[in-house]
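Numbering (this note's numbering), first residue to last: 195 to 615.
A virtual CB, placed ideally from N, CA and C, is assigned to each residue, including glycine.
Note that the structure is predicted; figures quoted are calculated from it, not measured.
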């Protein structure tokens with residue numbers, strides 16, 4: 195009788211030990227945990243197999259995994275560290291995902307390293323990680339779940355690829371980007387969508403990668419602390435109101451690849467001091483909306499002085515063929531304008547009434563300076579004329595009372611009446 199009781203007790207103890215070695219997720223699928231032991235496989239008739247593997251040097255202990263078709267997903271951690279490093283493989287197979295709520299409320303987590311093997315990050319994966327300061331998401335990731343970084347209230351910097359059908363703000367708390375977030379580096383994208391970063395009032399720096407071809411309407415509207423942005427040569431269009439209300443943006447360079455700039459693209463950019471752009475107006479060599487004020491909200495050249503920011507002093511035009519009639523008319527606060535060699539002509543009254551203009555450099559590509567081109571530029575003291583100019587129109591520099599002398603190249607063959615009076 196004693197032997198029978200002892201045998202029964204031994205069997206029960208063995209069963210309990212077996213259960214202690216097997217852990218199942220909420221859906222009954224097998225989980226495994228990386229531990230510092232020799233790799234071994236334990237057979238269990240109802241649960242399949244569980245791997246208990248040697249911990250790879252440098253990787254975090256206690257990570258919990260779930261077996262997927264293509265490898266493993268990390269679904270949690272037993273004892274969260276301040277710094278977590280996820281391995282690229284587990285049990286000889288790739289780690290391809292970070293599951294829903296995997297690190298939710300790991301408030302002590304300050305950094306995490308994600309390998310290139312990972313292709314998906316689940317819903318609320320890092321929600322409530324209030325100590326996380328920065329994160330880099332590899333280009334291999336093609337899906338980021340909603341609210342993945344919800345309540346990450348200390349996050350200052352994020353580097354990530356743009357993934358299809360995911361909006362930047364959706365990975366945060368109900369579309370609200372944390373007030374701590376200052377810097378965004380986009381590593382892979384083809385476009386910046388409409389409203390993508392609108393109202394991200396804490397952002398100071400955004401890097402757009404090569405390969406982006408368009409910046410959508412209102413994309414950066416009211417990014418009121420944005421001080422710098424780099425637009426790559428791949429961009430061909432900038433949408434309506436794209437940078438409207440970026441009130442402390444001081445300079446911007448638009449590459450020659452851009453062929454259209456939307457209405458009010460830079461409206462209320464009240465701190466803008468300099469701008470480099472390939473053409474003036476809405477489109478390259480367009481016949482409508484060719485006035486400079488168009489990108490600031492002016493409906494016609496008559497409104498240039500009302501809409502061009504008072505802070506804006508320096509203009510460089512890099513790619514246009516002509517500066518259209520009245521293009522800069524009455525831009526009274528501009529002080530310096532440079533036209534590069536691609537510009538071939540300055541049309542009638544192009545800079546008429548630019549009373550604050552002190553110097554202008556006309557590139558070697560310009561052949562003609564139109565009638566009244568600089569009429570009434572009363573503070574103009576320096577004019578550099580390229581060596582391709584052949585004609586200067588009537589009253590071209592009339593009323594330029596500050597201009598004592600002007601040196602013309604030998605190429606000039608025609609000077610209109612009252613050109614300098």
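- For the segment 514 to 572, the continuous beta strand (DSSP E) assignments of 3+ residues that do not extend past its boundaries occur at 530 to 533, 553 to 556, in sequence order.
- Membership of residue 305 in the beta strand (DSSP E) is indicated by the continuous run 305 to 307.
- In this structure, residue 498 lies away from residue 541, with their beta-carbon atoms at least 7 Å apart.
- By the neighbour-count criterion, in which a residue is buried when 16 or more other Cβ atoms sit within 10 angstroms of its Cβ, residue 590 is buried.
- Boundaries of the beta strand (DSSP E) harbouring residue 422: 422 to 424, taken from the DSSP string.
- Comparing alpha carbon positions, the residue from 568, 395, 416, 556 closest to residue 534 is 556.
- Taking all protein chains in view, the Cβ of residue 290 is crowded by 16 or more other Cβ atoms within 10 Å, so the residue is classified as buried.
- Counting C-beta pairs closer than 8 Å gives three or more between the segment 373 to 388 and the segment 341 to 355, which meets the contact rule.
- In the three-state DSSP reduction, residue 270 falls in the strand class (E or B).
- In this chain, the alpha helix (DSSP H) harbouring residue 501 covers 498 to 501.
- Residue 406 holds the alpha-carbon nearest to the alpha-carbon of residue 380 among 395, 388, 406.
- Around the CB of residue 458, 16 or more other CB atoms lie within 10 Å, so the residue is classed as buried.
- Shortest Cα-Cα distance from residue 311 to any of 325, 346, 267 involves 267.
- Annotated as distal: residue 528 and residue 503, with beta-carbon spacing of 7 Å or more.
- By a beta-carbon distance limit of 8 Å, residue 453 contacts residue 478. Their separation comes to about 5 Å.
- At a Cβ-Cβ threshold of 7 Å, residue 410 and residue 439 do not count as neighbours.
- Judged by their CB atoms, residue 386 and residue 413 are nearer to each other than the 7 Å cut-off.
- The Cβ atoms of residue 573 and residue 547 do not sit closer than 7 Å to each other.
- In terms of Cβ geometry, residue 510 and residue 470 form a close pair [threshold 7 Å].
- Rounded to the nearest angstrom, the Cβ distance from residue 608 to residue 585 is 4 Å, consistent with a contact under 8 Å.
- Listed in chain order, the non-local C-beta contacts of residue 595 below 8 Å within the same chain comprise 572, local neighbours out to five positions each way being set aside.
- Just so you know, the alpha carbons of residue 277 and residue 491 end up roughly 48 Å apart.
- Residue state for residue 259 is assigned as strand, using DSSP reduced to three classes.
- Residue 477 has 454 as its beta-bridge partners, per DSSP.
- Boundaries of the beta strand (DSSP E) around residue 291: 287 to 292.
- The shortest C-alpha to C-alpha distance from residue 281 to any of 294, 307, 271 is the one to 307.
- Counting of Cβ neighbours within 10 angstroms places residue 390 among the buried residues, the total reaching 16 or more.
- The residue among 462, 463, 563, 522 with its C-alpha nearest the C-alpha of residue 483 is 522.
- Assignment of residue 592 by DSSP, reduced to helix, strand and coil, places it in the coil class.
- Annotation: residue 545 to residue 563 spans about 11 Å, alpha carbon to alpha carbon.
- Looking at the DSSP output, residue 283 sits in a beta bridge with 288.
- In the three-state reduction of the DSSP assignment, residue 604 falls in the coil class, being assigned neither a helical nor a strand state.
- By DSSP's assignment, residue 330 forms a beta bridge with 353.
- The C-beta separation of residue 318 from residue 300 comes to about 12 Å, leaving the pair out of contact by the 8 Å criterion.
- When the beta-carbon positions are compared, residue 399 and residue 422 come within less than 7 Å of each other.
- Around the Cβ of residue 512, a 10 Å sphere holds 16 or more other Cβ atoms; the residue is buried.
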